[in-house]
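S.K.: Position 162, counted from 1, in the sequence shown is what numbering that gives the first Met the number 0 calls 161; the numbers after and before it change by one each time, with no gaps.
Yeah, the Cβ is synthetic: ideal placement off N, Cα and C, and Gly gets one too.
This one's a predicted model, so the numbers in the text were calculated from it and none came from an experiment.
Take a look at this one; I'll ask things after.
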Amino acid sequence: MKPTRLFAGLAVLVAASCALLGWQKARRLEHTNAELAAQLKEARDEHAAEEKSKSRHRHSDDAELKRLRVEAQEIHRMRNELTQLRGGAPEVEKLRAENQKLRTENIGLRSAVSAAVPIPAATTAPQNRFGRDQWTHSGFATPETALVSAIAAMKDGKPQAYLDALGPEEQLRMAKAWQGRAEGDIAAKHQADVAAFTGIRVLDRQDVSPTEVVMNVFLEGAGRVEQVSMKRVGADWKFGGFMRPPPPAGAKGP
């Protein structure tokens with residue numbers, strides 16, 4: 000019986016050893032399979048990334064190729080234009096020469112006409128505006144200068160000079176209005192009357208008679224139009240006064 004038991008024990012031991020070896024081998028195979036699966040996945044990922052990169056490069060290459068084609072077309076167009084310009088240069092020079100020739104002939108014709116036709120003498124239009132800085136005694140040769148002389152006397156505060164610039168009727172009226180008044184008061188009133196004026200402008204004039212001219216005068220600064228009468232006294236013109244409605248009773252003149 001002992002040998003039988005011994006053989007049986009050995010058989011069990013051998014079977015157990017075989018089972019252990021088989022299990023270990025199976026574990027190694029499983030580990031190897033897992034590693035192979037991981038390597039396969041990594042290889043597939045690398046392949047996919049490589050394909051994606053190639054696709055991206057292909058798109059980039061296509062865009063670059065398209066850009067180069069456009070640039071080539073533009074260069075070709077510019078070369079054609081340059082060729083056309085070079086070919087037309089002689090024609091441009093010819094036209095420029097003809098233009099210069101015509102200009103020279105035109106200048107010559109103008110010079111000939113200028114020499115043949117006398118230039119009319121320039122005529123000076125009568126002055127119709129007098130700024131405040133022009134208000135000085137200007138004499139009595141014309142109605143305009145006589146008016147300036149009168150208003151200049153008012154600006155300067157010179158009642159006697161103002162009286163000398165008036166026509167006979169206006170002189171009598173002023174002499175009556177000034178009775179009993181000091182010369183300084185009259186001068187101050189005259190200066191105040193024209194203080195706001197910055198200039199006078201003759202808008203129009205009407206020859207009423209050989210000895211009277213009526214003018215519409217714009218008083219700059221005051222912004223109003225006054226009608227004045229200028230009277231001829233001998234060879235001079237004198238200020239005949241403002242043509243206004245009669246003043247109320249008791250009102251004093253300038």
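1) Quick check: the stretch 155 to 168 against the stretch 230 to 238, are there 3 or more CB pairs under 8 Å?
2) Could you tell me which residues DSSP puts in a beta bridge with Phe129?
3) Across which residues does DSSP place Glu225 in a beta bridge pair?
4) Alpha carbon to alpha carbon, how far is Asp60 from Ser52?
5) Check whether the stretch 214 to 227 and the stretch 139 to 159 are in contact - that is, three or more C-beta pairs closer than 8 Å.
6) If contacts are defined as beta-carbon pairs under 8 Å, then Ser228 and Gly239 qualify, I think. What distance do you get, rounded to the angstrom?
7) If distances are taken between C-alpha atoms only, which option among Trp236, Lys100, Arg68 comes closest to Gly138?
8) What are the residues that DSSP puts in a beta bridge with Arg231?
9) Hey, Asn127 and Arg200 are a contact pair by Cβ (cut 8 Å); roughly how many whole angstroms apart?
10) Provide the residue(s) that pair with Asp206 in DSSP beta bridges, ordered along the chain.
11) Pairs of beta-carbons, one from the stretch 202 to 210 and one from the stretch 167 to 181, closer than 8 Å: are there three or more?
12) Inspect the beta-carbon positions of Gly156 and Ala186 and report whether they are closer than 9 Å.
13) Do you know how far the Cα of Ala152 is from the Cα of Leu162?
14) Applying the criterion that 16 or more other CB atoms from any shown protein chain within 10 Å of the CB defines a buried residue, is Ser54 buried or exposed?
15) With burial defined as no fewer than 16 other Cβ atoms inside 10 Å of the residue's Cβ, what is the status of His189: buried or exposed?
16) Can you give me the Cβ contacts of Ala160 inside the same chain, cut-off strictly under 6 Å, excluding the 5 residues immediately before and after it?
17) Which residue's Cα is closest to the Cα of Asp192: Ala174, Ile150, Glu50?
18) Within 10 angstroms of the Cβ of Pro158, are there 16 or more other Cβ atoms? Answer buried if so, exposed if not.
19) Among residues of its own chain, excluding the 5 on either side of Arg131, which ones have a beta-carbon nearer than 7 Å to its beta-carbon?
20) Can you tell me which residues form a DSSP beta bridge with Leu165?
M.R.: Answer, in terms of the structure:
1) yes
2) Ile199
3) Val216
4) 12 Å
5) yes
6) 4 Å
7) Trp236
8) Trp236
9) 6 Å
10) Val212
11) no
12) yes
13) 9 Å
14) exposed
15) buried
16) Non-local C-beta neighbours of Ala160 in its own chain, meaning closer than 6 Å and more than five positions away in sequence, comprise Ala152, ordered along the chain.
17) Ile150
18) buried
19) Phe196, Thr197, Gly198
20) Phe238
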